[in-house]
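Visitor: This is the structure I have questions about; it appears just below.
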Amino acid sequence: MKANKRDVRRVINLARGYDRNLCGRDFLICYGSGDDARMLEVSFSKKRFNHLVGIDINRCNVKPWVVYKKALAGTLTPHDLGSSLSQYFPSKITAARMMNAFISTATHVSEVNPHRQKSMRIYGCRAMQLSSPSVA
97 MKANKRDVRR
107 VINLARGYDR
117 NLCGRDFLIC
127 YGSGDDARML
137 EVSFSKKRFN
147 HLVGIDINRC
157 NVKPWVVYKK
167 ALAGTLTPHD
177 LGSSLSQYFP
187 SKITAARMMN
197 AFISTATHVS
207 EVNPHRQKSM
217 RIYGCRAMQL
227 SSPSVA
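Residues 97 to 232 (our numbering) make up the sequence shown, in order.
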C-alpha cells in the first residue's frame, strides 16, 4: 500500500505518543479478578515501532530506525514510506492508538522488585509498569 500525507501524519502522531508513553518500557497488563485474574507482559522498543504500526521494513525507502527518527522530528514524507504500508496498516494504527491511550491512563503504576520471592496478587488494575526509573 502506497503512503499518502494522511498516513504520514498518522505515523508521526503515533510515533510521538509511542515515544512519550511506551518506548523503552515493560508493562504487566492485568485483567479479570479472583481466580480468573490474567496477566500479560508487553515490552516496547524503538526497533518494534514499525511492526506495531504495520510498516513493512523491507519495502521502505529508508532504514527502519530512520522512519522512527523522522517521525519523531515531524520530517517523515510519503516518499520515505514508499509502498511499505501493509494491508493491516489501518487496523494496526487504530490498535496502536488504543494501546497508547490505554497505557497512558493506567490505574496502577509501580516498579517491581525482581528479587522478590513471593508472587504478588494484583487485582483491579488495568496496567502495571514493570520498569522505568522515572516512576516513584
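All C-beta atoms, glycine included, are put in the ideal place defined by N, C-alpha and C.
How about the region 172-188 and the region 147-155: do they share at least three Cβ pairs that are nearer than 8 angstroms?
Guide: Segments in contact, yes.
Visitor: How would you label tyrosine 127, buried or exposed, when you count the other beta carbons within 10 angstroms and need 16 or more for buried?
Guide: Exposed.
Visitor: Touch check for the region 120-140 and the region 164-172: three-plus C-beta pairs under 8 angstroms?
Guide: Contact fails: fewer than three Cβ-Cβ distances are below 8 angstroms.
Visitor: Let me confirm a value: methionine 195 is counted as buried when at least 16 other C-beta atoms fall within 10 Å, else exposed. Which label applies?
Guide: Classification for methionine 195: buried.
Visitor: Using the beta-carbon count (16 or more within 10 Å), is alanine 111 buried or exposed?
Guide: The residue is buried, with at least 16 neighbouring Cβ atoms inside 10 Å.
Visitor: What residue range is occupied by the uninterrupted beta strand (DSSP E) comprising phenylalanine 198?
Guide: Looking at the DSSP string, phenylalanine 198 is not in any beta strand (DSSP E); the run it does join, the alpha helix (DSSP H), is 185-200.
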